[in-house]
Amino acid sequence: MYEKEEKQLKTLYDNIQVPLDSLDEAIFTGFQKAKTEEKRQFRGKKWVISVAAAAIFLVGFFTSIRISPAFADYISVIPGMEKIVNLIRTDKGRMLAIENDYYEKIGVSQEKSGLKFTIDGVIADESQLVLFYTITSKDKQKLLKTEKVRLESLEGKSIELGGISMGSPLNSEKGATVHSDMFEFYFQSPLQAKKLQLKVWVKGEKVKEEFTVNFELKKDIQLKKSFDINQTITMEGQKITFLNADIYPLRAAIHVKMDPNNSKRILSFADLRLVDENGETWNKINNGIIANLISPDEAVIYLQSNYFREPKELYLVFNKIQAVDKDEAFVVVDTVKRQILKQPKGNLLRNLRVEGNQLIFELQTKKEFNAFLFTRINDGNGKEISSNYGFTEGNDKGITKLGVSIPNPKNLTNPISLELSAYPTWIKGNEKIKVK
Amino acid sequence: MAGDEILVKKAIKGDDSAFLQLVQLYKIDLYKTALSFLRNEEEALEAIQEVTYRAYKNRKSVKEPAYFKTWLLRIMINYCNDHLKKQKRVVLNDEILTLQGTAESHTEMELKDAMKGLDDRSREILTLKYFHDLKIKEIAETLQCPEGTVKTWLNKALKALKEKLEGNGGDMHV
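Taken in sequence, the protein lines are chains A and B. If you count the first sequence from 1, position 391 lands on 391 in UniProt numbering, and the numbers rise without skipping. If you count the second sequence from 1, position 79 lands on 79 in UniProt numbering, and the numbers rise without skipping.
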């Protein structure tokens, strides 16, 4: 009955040209997109918005830390405390802050269109404020993001923010009605205001609301403890001077200066740690801002805090430092040709891609390497490009995906040069410096 | 077929290279389907990207490894139908695209136009039956309906197509 049509139909697309390369590219892009989302969901992705140009941050994946039985008892008598402990359990300094009753419960909220934003509590010191929040929703949400976070003073003394670190967005296939996380605010000058205002946009798939929540700090802010060090060490020919240490309740800040005549650019003190007379150790901050670069030869490194302990002796100990030859301290790329033009020996960076406003690299290492690699970015005319955010995503096969946002990558003057702040090559030694 | 089923099982368990191998295996089918619905290369490629994405996200929901291909095609067809609904307003411009297209024989063009003028259901059925050589049973699986229904729909679709073609032909050859 329809033989003619059937035959025509059968041969209709037999002779078309299939653009195989484009086809493979489309498959790969789709696959990558799905893969990225899956990673985000399972491993969490940490976004850091850096206002100060030269902050370095590290993405840490939660590892479990054993809680002492006494502490477990302590948290079990305060309702709602478990979720907060879950957020900070990898940071000994913050755990100590809670144990020593330095956490301040706030419990104020605002409700809008079925969403409720609550500030559960804060831990604040002169240099930093960690704000714990919970969003509850009447309807199940698959995705909830927080955006445009601002912290302002209500008392006239303005806040000089150096950066904000935000947690991962809620990302749930099944949908969830509660999401808890924290914001970290870093101050450039000591926090003085007590009455504060938080503004934040919460975005779901169907809702978008701005919340304004006022709160007041009632606890006294504990002042930092300062120690002079002034000691110079030499590791593989590189001279480094430790100037001083400021220990705040939320972090310890170690001020170091490198000798300008060093042949290598010192990038990151990978295993710098505080050790007391009993051998108890406080490592680097494992999630958030881990250092501030004052210049290529001067930095402040942040460690977990032992503020609430009174050690008899305290040392800075380290065995390796990330370093590259000074002429290799920049990665240079062409965003149009999608080529990496220059990078340190070993070609560990691969597969440069431009996705929307993001430059994405793959970093090949034997062991997982989670540090974000870059600090300042300049275009072909030497003009600094402001990057709004960066991210890293770990992978089981030793490939880390690194992304950095760049406004309008198609209309930039190439080549783009990215200054390294971390890289997986090390100088090694054995150093122990007395702090106290 | 057995080899494919092993691949499907691996893909469901989380083996990414198995998943990619499967998409490679069916990419031409997927592309042709996309092209038959969307009628231009760029959109068809976009469809491939999106379908790969959706398939990966939902790969764990494949219940019957033997029907992986139809499962993929189902995703593609859903995508194309949604896309066409959104694009309804620009359909007219497609005539220009067709004119700019490569040398197609007159009947092919007529056929494609006639296909485009069909309802979603008929177009799906014809695509699956003739472009992909699927058996009635497989179509039933893809569209998740009884085989009898497929047969009825197929008949209707062919009838509608014939009417369109004859109508068209009449107009054009006067």
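Cβ atoms here follow ideal geometry from the backbone N, Cα and C, with glycine treated the same way.
Counting other Cβ atoms within 10 Å of its Cβ, residue 249 of chain A reaches 16 or more and is therefore classed as buried. With a beta-carbon spacing of about 7 Å, residue 30 of chain A and residue 51 of chain B fall inside the 8 Å limit used to define contacts. In this structure, DSSP gives residue 207 of chain A a state outside helix and strand, which the three-state scheme calls coil.
Counting other Cβ atoms within 10 Å of its Cβ, residue 125 of chain A reaches 16 or more and is therefore classed as buried. In the three-state DSSP reduction, residue 179 of chain A falls in the strand class (E or B). Of the candidates A:214, A:188, A:232 and A:109, A:214 places its Cα closest to the Cα of residue 153 of chain A. Here residue 83 of chain B is not bridged, per DSSP, to any residue. Take the alpha-carbon of residue 319 of chain A and the one of residue 219 of chain A: they are about 39 Å apart.
In summary, residue 223 of chain A is exposed, with fewer than 16 beta-carbon neighbours lying within 10 Å of its beta-carbon over all protein chains present. For residue 419 of chain A against residue 375 of chain A, the beta-carbon gap comes to about 5 Å, under 8 Å, which counts as contact.
Not a single CB atom of chain B sits nearer than 8 Å to the CB of residue 211 of chain A. Chain-ordered listing is empty here: chain A has no CB closer than 8 Å to the CB of residue 8 of chain B, the nearest sitting near 16 Å.
If one requires a minimum length of 3 residues, the beta strand (DSSP E) runs lying completely within the segment 93–143 of chain A are 104–112 and 115–124, in chain order. Within the model, the alpha-carbon separation for residue 116 of chain A versus residue 300 of chain A is close to 38 Å. Checking the DSSP bridge columns, you'll see residue 315 of chain A partnered with A:275 and A:434. DSSP places residue 306 of chain A in the coil class of the three-state scheme, outside both helix and strand. By the CB criterion at 8 Å, residue 257 of chain A and residue 228 of chain A fall outside the cutoff. For residue 208 of chain A and residue 200 of chain A, the gap between their C-alpha atoms comes out near 11 Å. In the DSSP annotation of this structure, the continuous segment of the alpha helix (DSSP H) that includes residue 48 of chain B starts and ends at 41–57. Those residues of the segment 142–157 of chain B placed with their C-beta closer than 7 Å to a C-beta in chain A do not exist.
Bounds of any alpha helix (DSSP H) do not take in residue 372 of chain A, whose DSSP letter is neither H nor E. DSSP places residue 155 of chain A in no alpha helix (DSSP H); its state is neither H nor E. Distance check between residue 202 of chain A and each of A:306, A:181 and A:192 places A:181 closest, using alpha-carbon atoms only. Under the 10 Å beta carbon count, residue 122 of chain A is surrounded by 16 or more other beta carbons and is classified as buried. The segment 407–417 of chain A makes contact with the segment 376–383 of chain A: 3 or more CB pairs, one atom from each, lie closer than 8 Å. Collapsing the DSSP output to three states places residue 230 of chain A in a strand. At a cut-off of 8 Å, the C-beta of residue 34 of chain A has a neighbouring C-beta in chain B. In terms of beta-carbon proximity, residue 29 of chain A lines the interface with chain B, with at least one pair separated by less than 8 Å. Looking from the CA of residue 173 of chain A, the closest CA among A:164, A:156 and A:142 belongs to A:142. Shortest Cα-Cα distance from residue 128 of chain B to any of B:166, B:12, B:151 and B:117 involves B:151. Residue state for residue 384 of chain A is assigned as strand, using DSSP reduced to three classes. The Cβ atoms of residue 317 of chain A and residue 273 of chain A lie closer than 8 Å to each other.
Contact check between the segment 5–17 of chain B and the segment 56–70 of chain B: three or more CB pairs, one atom from each, fall below 8 Å, which counts as touching.
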